[in-house]
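Asks: One structure, as structure tokens, below. Some questions next.
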Amino acid sequence: GEPATVLAVNNVEVVYNHTVQVLRGLSLQVAEGSVVALLGSNGAGKTTTLKAISGLLALENGAITAGDVQFDGASVRGQAPHALVRGGLFHVMEGRRIFEDLTVEENLVAATYAGGAGRDFDLVYEYFPRLAERRRALAGYLSGGEQQMLAIGRALVAAPRIILLDEPSLGLSPMLTEEIFTIIARINAERGTSMLLVEQNAAMAFAVSSYAYIMETGRIVIDGPVERLMRDQDVREFYLGMG
Ligand code: ATP
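Numbering of the sequence shown is given in this note's numbering, commencing with residue 6 and proceeding in unit increments.
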């Protein structure tokens, strides 16, 4: 039958500092085992959506003021971010938040403290051989691409059910972007990890996703299976830059 819904965002509204409303009734779903893209222009509210799901909103004086987020059938409201990580929801933040003063391997060890399942660093090194070569290097000295690999590697160690990925291509060359996306697709195919992927690079996001949502000013304006959106004239013109 139909795959279960691992993540459901239902009519969520988010307000920062009790004043600025950024999400205006946003809804989306991620089916178990699927990669879903969340696209939209700068400031549409994509990062805010991921923070609303993972609980990181509270760190920025933001709050869900209406609606609900369900992970694995249970509301995330009132659950601390670390509890959600332990439950299998891992947020890879924009800008590759890693510990620059720790080595690559220490960064992976730190990910296990977050309460994920194993200490399967070999798995990380299998997906990212570059990280194996650099395992004793300080993370701050890695290239941008290697830091993004490490950020995703930290998620792998936690063995989550779903990864929220915020702009994995940010600041990377086209070649490195392709490499990262190839590995994202492999992780999904081989581990069955569900993913909600925020990307500026719509073409790259479409290449690895089965379903996509496009948002503008805090709500979803277009959604559908990627194969249908790829044939949609407006989507091609405005989001893929193809006539
Ligand atoms: P980008 O790709 O530029 O990150 P985005 O779609 O991810 O864009 P958000 O980062 O979610 O958008 O920002 C959406 C809106 O919320 C923007 O207008 C932004 O200024 C505002 N915003 C984001 N974070 C905060 C905050 N901590 N306090 C107040 N306003 C915020």
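Just so it is clear, CB atoms sit at the ideal spot from N, CA and C, and this is done for glycine as well.
Computed from a prediction, not measured in an experiment: that's the story for all the values here.
Do the region 139-147 and the region 159-178 meet, that is, are 3 or more Cβ pairs less than 8 Å apart?
Replies: No, the region 139-147 does not touch the region 159-178.
Asks: For Ala42 versus Ala217, is the C-beta distance shorter than 7 Å?
Replies: Closer than 7 Å, so yes.
Asks: Using alpha carbons as the reference points, say which of Arg29, Gly100, Arg91, Val20 lies closest to Ala63.
Replies: Answer by Cα proximity: Val20.
Asks: Over the uninterrupted alpha helix (DSSP H) stretch that includes Gln153, give me the two end residues.
Replies: Segment 149-162, the alpha helix (DSSP H) holding Gln153.
Asks: Going by C-alpha to C-alpha distance, which of Asn66, Asp127, Leu175, Gln84 sits closest to Asn47?
Replies: Comparing Cα positions, the closest option is Leu175.
Asks: What residues in its chain sit with their C-beta under 8 Å from that of Val231, if we drop five residues either side in the sequence?
Replies: Here the set comprises Ala42, Phe211, Ser214, Ser215, Tyr216, Ala217.
Asks: Might you give, ordered along the chain, the residues of its own chain that have their beta carbon closer than 8 Å to the beta carbon of Phe3, omitting 5 neighbours on each side?
Replies: Because the chain is modelled from 6 through 248, residue 3 falls outside the range shown and cannot be assessed.
Asks: Below 8 Å, how does it come out for the region 178-193 and the region 125-135: are there three or more Cβ pairs, yes or no?
Replies: Contact between the region 178-193 and the region 125-135 is present, because at least three Cβ pairs lie under 8 Å.
Asks: What's the call for Val109, buried or exposed, on a 16-neighbour Cβ count within 10 Å?
Replies: The residue is buried, with at least 16 neighbouring Cβ atoms inside 10 Å.
Asks: Considering only their Cβ atoms, is the gap separating Gly50 from Asn15 smaller than 7 Å?
Replies: The answer is no: Cβ separation not under 7 Å.
Asks: Where do the ends of the beta strand (DSSP E) carrying Leu43 lie?
Replies: Where Leu43 is concerned, the enclosing beta strand (DSSP E) stretches over 40-45.
Asks: Can you give me the start and stop residues for the beta strand (DSSP E) that Ala36 sits inside?
Replies: Start and end: 25-36.
Asks: Specify, as a first and last residue, the run of the beta strand (DSSP E) that Tyr218 falls within.
Replies: 216-221 is the extent of the beta strand (DSSP E) around Tyr218.
Asks: If we require 3 or more residues per run, which beta strand (DSSP E) segments fall completely within the region 82-151?
Replies: For the region 82-151, whole beta strand (DSSP E) runs of length 3 or above, ordered along the chain, are 94-97.
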